[in-house]
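Which chain is which? The protein sequence lines are Z and Y, in order.
Position one of the first sequence corresponds to residue 915 (the working numbering), numbered consecutively onward.
Position one of the second sequence corresponds to residue 915 (the working numbering), numbered consecutively onward.
Single-structure report; data block below.
2 protein chains.
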Amino acid sequence: MSMRQSRQRDVVLELVRSTMDHPTANWVYRQARRRLPRISLATVYRNLKRLAAEGVIREVQSAGQARFDCNLGRHYHIRCVSCGRLGDLPLSVDARLEEQAGRATSYRILGHEVEVHGLCPLCQSRDDASHQNQ
Amino acid sequence: MSMRQSRQRDVVLELVRSTMDHPTANWVYRQARRRLPRISLATVYRNLKRLAAEGVIREVQSAGQARFDCNLGRHYHIRCVSCGRLGDLPLSVDARLEEQAGRATSYRILGHEVEVHGLCPLCQSRDDASHQNQ
DNA sequence: TTGCTTGCAAAGGGTTTGCATAGGA
DNA sequence: TCCTATGCAAACCCTTTGCAAGCAA
């Protein structure tokens, strides 16, 4: 794959793999600077994109922002509408959806994504607390 | 709902309702200018957002861009990975997904979205044509 | 008249790119 | 050495905002 090794790329990959939180580029950048204070946001973006292009990680679009996922298996996501947190949804992927979509349209089907949205536990308790003050 | 009438808003709404194509703000802007040459992109955005906030249309995020949908019923979408076209997917919505997600997580579930991706008929034939020339 | 709506221009957030330098193989 | 990867700054795209003027109620 002709990808040379670099300290920056190693750190970016380690960071994406360090969390289940599907981090944004900016989160990876902030964390990376703690180890490589001179790393630039452009380098973080280039490495995230490159790693995704090589299939080492996966890029997911959520609420209009790119997030990066080290879990390469097919799975669904759940997003908190309040804080934006994106998590894995441990459900089995619906295999029939794609054949149904193929029959229902003239598209050549390549895949599908499911994003459930709701309030994460933290934002639920934050909400409950603020309601008590009204 | 305290929404005053305006020619600009009428045109924006008419345009979103004129197509099943889930247009972007920029598409609406280009079309609107044919009828109101002095309309600004900011006005188009303000009206699209306002109409979505009032529940007259719906905003959908697709491939990192906002698109606007006059179909208020719950339904799934299909996106062409090549040209970005977003269409409706005429499949019944999976009601069990949300209860399963509720059981599998500690989120308070509010809804879910499904986007199937593939190649639309136009991009398929474009692809086939270009392969013949190789 | 009142105050919502507009056009314009500028700013904003996230992401990408040009370029000279640094640094793996 | 050769060529990829980097840091920096500027550019880019999409979207939002401040403001004075316009216009519906």
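For every residue, glycine included, the Cβ atom is placed at its ideal position computed from N, Cα and C.
Burial state of residue i, where buried means 16 or more other Cβ atoms lie within 10 Å
i: residue 918 (chain Z); result: exposed
i: residue 976 (chain Z); result: buried
i: residue 933 (chain Z); result: exposed
i: residue 968 (chain Y); result: exposed
i: residue 1029 (chain Y); result: buried
i: residue 1036 (chain Z); result: exposed
i: residue 956 (chain Y); result: exposed
i: residue 1043 (chain Z); result: exposed
i: residue 940 (chain Z); result: exposed
i: residue 923 (chain Y); result: buried
i: residue 929 (chain Y); result: buried
i: residue 1048 (chain Y); result: Reliability fails at residue 1048 (chain Y), whose pLDDT of 45 lies under 50, so the model's placement of it is uncertain and the value that follows must be treated cautiously. Classification of residue 1048 (chain Y): exposed, given that the 10 Å Cβ count is below 16.
i: residue 962 (chain Y); result: buried
Interface flag, residue i vs chain Z, CB-CB below 8 Å
i: residue 1034 (chain Y); result: yes
i: residue 959 (chain Y); result: no
i: residue 989 (chain Y); result: no
i: residue 933 (chain Y); result: no
i: residue 974 (chain Y); result: no
i: residue 978 (chain Y); result: yes
i: residue 1003 (chain Y); result: yes
C-beta neighbour in chain Y for residue i, strict 8 Å
i: residue 937 (chain Z); result: no
i: residue 970 (chain Z); result: no
i: residue 919 (chain Z); result: no
i: residue 1048 (chain Z); result: Its pLDDT being 43, under 50, residue 1048 (chain Z) is placed unreliably by the model, and the measurement read from it follows with that caveat. Output row for residue 1048 (chain Z): interface = no.
i: residue 913 (chain Z); result: Limits of chain Z in this structure are 915 at one end and 1048 at the other, which puts residue 913 (chain Z) out of reach.
i: residue 1029 (chain Z); result: yes
i: residue 992 (chain Z); result: yes
i: residue 1038 (chain Z); result: yes
For this session: Entirely within the segment 947-1023 of chain Z and at least 3 residues each: give me those beta strand (DSSP E) ranges in chain order.
Result: 972-976, 979-983, 990-994, 1000-1003
For this session: Specify whether the segment 1000-1014 of chain Z and the segment 971-990 of chain Z touch according to this definition: at least 3 beta carbon pairs, one from each stretch, less than 8 Å apart.
Result: yes
For this session: Give, in chain order, every unbroken run of the beta strand (DSSP E) that is at least 3 residues long and sits entirely within the segment 916-945 of chain Z.
Result: none
Exercise. When the Cβ atoms of the segment 1026-1043 of chain Z are set against those of the segment 1023-1039 of chain Y, are three or more pairs found closer than 8 Å?
Worked result: yes
Exercise. Of all the residues that make up the segment 1009-1027 of chain Z, which are near chain Y by a beta-carbon distance shorter than 9 Å?
Worked result: 1011, 1012, 1014, 1015, 1016, 1018, 1019, 1020, 1021, 1022, 1023, 1024, 1025, 1026, 1027
For this session: Decide yes or no for the touch test of the segment 1010-1018 of chain Y against the segment 986-995 of chain Y: beta carbon pairs closer than 8 Å, at least 3 of them.
Result: no
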